[in-house]
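Read through the structure below, which is laid out as structure tokens, and then see the notes.
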Amino acid sequence: MAFTISGRGIPTGGILDGAITSAKINSSGLAANSIASDAVSTAKIADDAVTEAKWGGNQLSHRNLIINGDMKIAQRGTSGTNTDDSQFPSIDRWLTRTYNGTGRVTLAQQSINSNGFKNSVRVTPSTTDTSGTYGYNLGQYIEGYNTDHLNWGTSSAQTITLSFWVKSSETGTFSVSFRNGAGDRSWVSSYSISTADTFEYKTITVTGPTDGTWATDTNASILLEFCYGGQTSKSTSSLDQWVTGNYTAATGQTDIMQSTSNYFEITGVQLEMGSVATPFEHRSYGEELAKCQRYYEIASGGWYGYPAGQSNHRISVPYKATKRAAPTLTKLVSSENCASGVDVLGGHEDETASGRVQATNLFLTGADKYFYAKFSADSELS
Amino acid sequence: MNITSAQYVNETLFDKEGVPTTTQFQINAVIDGKTYVVPLCEGNRHYDEIMRQVNAGTLTITDAE
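These protein sequence lines are chains A and B, in that order.
Numbering follows our numbering, with no gaps: position 342 of the first sequence is 342.
Numbering follows our numbering, with no gaps: position 31 of the second sequence is 1031.
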């Protein structure tokens, strides 16, 4: 029954607590534009009116614990083939695991225009393995400092949710796993790819583990791996639950390692606290690159001038990002006109902050002498 | 990792009187066919693997030249 409020309207206290329930307001009860654009002002909302429960409780930015989830950063190159276990062939932060299998894969960045993403990574077998015995996974290991707020391994462990876009030449059951660094706690979930060659969106929610040891420092805490190869050595049928042991695949995992014509492709990987998969958080290229550089960067440095004398000459090369740990260095390019060679060395006082370039046995003095090197600094988790 | 060689590298620093101090500084290693400069640092994945293989008796780190 409709009624009209007139005169002085509804007095203070005129509407009792709980009087206006959702049942009292029809789904179309509020007409369009019935709340004026300036009606809900800051002063109308009490300080504690909008609680965490009203917006899900997740942080509004920097939710994604995965680095380079949209596969846009490729400092090592846009395509590379692994030659052994635990390698980073191309896309930053994404490693390939083979678990003693002899199959090999190429990781290649793809240019796409799909679901808001411009890049993905495609895994293609370069050497097949038809045994179905070993594990073939694409993974990212997350540093403990970045997950310590999850309180995993305690009674207040937080739930997390993984979301991603995936496609494959093969349909069937695929799996994703979460493990700790010790490999004695595992959570395996399966998902289905129902249509070949078509991106599908998947979400998986993981209850926080209340036991096990989970790193809260520079070591690996959560080992996230997507399985694309059939395996029996690390498979389990105990899905969507924490189990004691080292498992990375669901029983019945689809095996793309059977043919070099197969592929597995993924992008938009997001891992966030809470039970809701929010839209992928697109970070700027510079921000994503800086995050990657904590684990791998290409540095360069050199010297030009008039050497004061003959001996080894060294210059310090500060890194763009402080490394997770003292990095492994690899000389990529060098040149000189005054020494027997150019070498790279770790930093003298703090190896996480800088490296050094050395002109070894500099033997020519005089004007216009130089030495130069470009090198990689790798402190990845694997 | 397929580690085919590993050798310590020393660094010698001289004080104001010219007295040298030599310390073991890093390992030059050939891993999967590539040459790497590996720090003596637990937590570095290459160093950890080198030491795992040394402890397993499958790899020896040669002394510095």
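Idealized CB from N, CA, C, for every residue including glycine.
Residue i Cβ short of 6 Å to the ligand GTP heavy atom set
i: Q110(A); result: Of the ligands one can find in the structure shown there are none, so the ligand GTP has no counterpart to examine.
7 Å Cβ cut-off: residues of chain B touching residue i
i: D84(A); result: M1001, N1002 and D1032
i: E351(A); result: P1039 and C1041
Neighbour list for residue i in chain A, Cβ cutoff strictly below 8 Å
i: N1044(B); result: A325, A326, P327, T328 and S379
Within chain A, the residues that residue i reaches when beta carbons sit closer than 7 Å
i: V1038(B); result: T328
Of the listed residues the options, nearest to residue i (C-alpha basis)
i: T1060(B); options: P1039(B), N1044(B), I1027(B) and G1043(B); result: I1027(B)
i: T81(A); options: M1051(B), D1063(B), A1056(B) and D1032(B); result: D1032(B)
i: D350(A); options: P327(A), Y201(A) and K331(A); result: P327(A)
i: I160(A); options: E272(A), K320(A), A32(A) and S379(A); result: E272(A)
i: A1064(B); options: N1010(B), T1023(B) and R1045(B); result: N1010(B)
i: Y99(A); options: S131(A), A321(A) and G116(A); result: S131(A)
i: Y370(A); options: T360(A), F178(A) and I256(A); result: T360(A)
i: M1001(B); options: L1040(B), H1046(B), T1062(B) and G1057(B); result: H1046(B)
i: T1004(B); options: E1049(B), L1013(B) and A1029(B); result: A1029(B)
i: A1006(B); options: T1035(B), V1019(B), K1016(B) and A1056(B); result: T1035(B)
i: T203(A); options: T210(A), T195(A) and Y191(A); result: Y191(A)
i: T251(A); options: F264(A), G229(A) and S300(A); result: G229(A)
i: F199(A); options: F174(A), S235(A), N115(A) and S177(A); result: N115(A)
i: A74(A); options: S34(A), G347(A), S61(A) and Q293(A); result: Q293(A)
i: V243(A); options: G183(A), Q59(A) and S316(A); result: G183(A)
i: T128(A); options: I20(A), A220(A) and T83(A); result: T83(A)
i: Y296(A); options: Y304(A), G9(A) and L381(A); result: L381(A)
i: A173(A); options: V206(A), A249(A) and T210(A); result: A small fix is needed here, since residue 173(A) is Thr in this sequence, not Ala. Among V206(A), A249(A) and T210(A), the Cα nearest to that of T173(A) is on A249(A).
i: S316(A); options: G309(A), K323(A), S300(A) and G305(A); result: S300(A)
i: F264(A); options: C227(A), G245(A), K24(A) and H282(A); result: C227(A)
i: S168(A); options: G309(A), N68(A), H282(A) and T124(A); result: T124(A)
i: V59(A); options: S27(A), E281(A), N337(A) and T205(A); result: First, the amino acid is wrong: residue 59(A) is Gln here, not Val. Among S27(A), E281(A), N337(A) and T205(A), the Cα nearest to that of Q59(A) belongs to E281(A).
Spatial distance of residue i from residue j (CA atoms)
i: S275(A); j: N64(A); result: 13 Å
i: V1054(B); j: A277(A); result: 45 Å
i: V1037(B); j: T216(A); result: 27 Å
i: D47(A); j: T78(A); result: 50 Å
i: G101(A); j: P279(A); result: 36 Å
i: S311(A); j: Q270(A); result: 51 Å
i: V188(A); j: K331(A); result: 39 Å
i: Q1024(B); j: Y285(A); result: 39 Å
i: N262(A); j: Y201(A); result: 20 Å
i: Q109(A); j: V166(A); result: 14 Å
i: R122(A); j: I266(A); result: 7 Å
i: R104(A); j: E170(A); result: 18 Å
i: S186(A); j: G153(A); result: 12 Å
i: S379(A); j: F363(A); result: 34 Å
i: V342(A); j: F88(A); result: 26 Å
i: P307(A); j: T365(A); result: 5 Å
i: S163(A); j: G268(A); result: 7 Å
i: I256(A); j: K234(A); result: 17 Å
i: S155(A); j: I35(A); result: 44 Å
i: K44(A); j: Q241(A); result: 45 Å
i: G208(A); j: Q158(A); result: 5 Å
i: G347(A); j: I91(A); result: 26 Å
i: S26(A); j: A19(A); result: Looking at the sequence provided, one finds Asn at residue 26(A) rather than Ser. N26(A) and A19(A): Cα-Cα distance of roughly 15 Å.
Residue environment, residue i, which counts as buried when at least 16 other CB atoms sit within 10 Å
i: V40(A); result: exposed
i: I15(A); result: exposed
i: Y134(A); result: buried
i: R1052(B); result: exposed
i: A377(A); result: buried
i: D197(A); result: exposed
i: K291(A); result: buried
i: A32(A); result: exposed
i: P1020(B); result: exposed
i: L150(A); result: buried
i: P11(A); result: exposed
i: D289(A); result: With the sequence shown as reference, residue 289(A) is identified as Leu, and Asp is not the correct amino acid for it. That one is buried.
Whether residue i touches residue j by CB criterion (7 Å)
i: K72(A); j: N113(A); result: no
i: W94(A); j: Q140(A); result: yes
i: A373(A); j: V357(A); result: yes
i: T96(A); j: S126(A); result: no
i: A321(A); j: C1041(B); result: no
i: G393(A); j: N180(A); result: This structure cannot speak to residue 393(A), because chain A is shown only from 1 to 382.
i: N375(A); j: L329(A); result: A quick correction: the sequence has Phe, not Asn, at residue 375(A). Yes. Within cutoff.
i: I222(A); j: I142(A); result: yes
i: S354(A); j: P318(A); result: yes
i: F117(A); j: D85(A); result: no
i: N137(A); j: E225(A); result: yes
i: Q253(A); j: S175(A); result: yes
i: G1043(B); j: T51(A); result: no
Closer than 8 Å at the beta carbon, the chain B residues around residue i
i: G346(A); result: F1025, Q1026, V1037 and P1039
i: S382(A); result: R1045
i: T218(A); result: G1043
Within chain B, partners of residue i - CB distance below 9 Å
i: N64(A); result: Residues of chain B passing the Cβ test: none, with the nearest at roughly 24 Å.
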